[in-house]
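>
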Ligand code: SF4
C-alpha cells in the first residue's frame, strides 16, 4: 500500500495534514510533502485524508494487485 499525490491538483488546503500529521506536511503557501509513502500504522488517518482532500489530489495504490 502506497500513498500517491497528484501535485497538479493539490492546492495546499492542508486538510490531509490535519488528518495525518505524521504523513503529510504542508508548508504555508506550498503543496503537500509526504514524510513517507507507506501509511503503516496511520492507514486509517490516511484513508480519511484521501476522503476529505477537497481537490482529490490523494490516492492509495495497492501494489499487490
Ligand atoms: S488536503 Fe489535498 S489539496 Fe490540501 S494539501 Fe492535502 S493533498 Fe493538497
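Residue numbers (the numbering used here): 3 to 67.
Even for Gly, the Cβ is constructed at its ideal location relative to N, Cα and C.
Who are the Cβ neighbours of residue 54 in its own chain at under 7 Å, not counting the five residues just before and after it?
These residues qualify, in order along the chain: 17 and 21.
> Taking 6 Å as the cut-off, does the CB of residue 31 come closer than this to any heavy atom belonging to ligand 1?
Residue 31: no, Cβ never under 6 Å from ligand 1.
> Would you say the beta carbon of residue 39 comes nearer than 6 Å to a heavy atom of ligand 1?
No - ligand 1 has no heavy atom lying nearer than 6 Å to the Cβ of residue 39.
> Per DSSP, which residues does residue 63 bridge with? Please list them.
Paired residues: 4.
> On the criterion of 16 or more Cβ atoms from any shown chain inside 10 Å, does residue 40 qualify as buried, or is it exposed?
Flag for residue 40 reads exposed.
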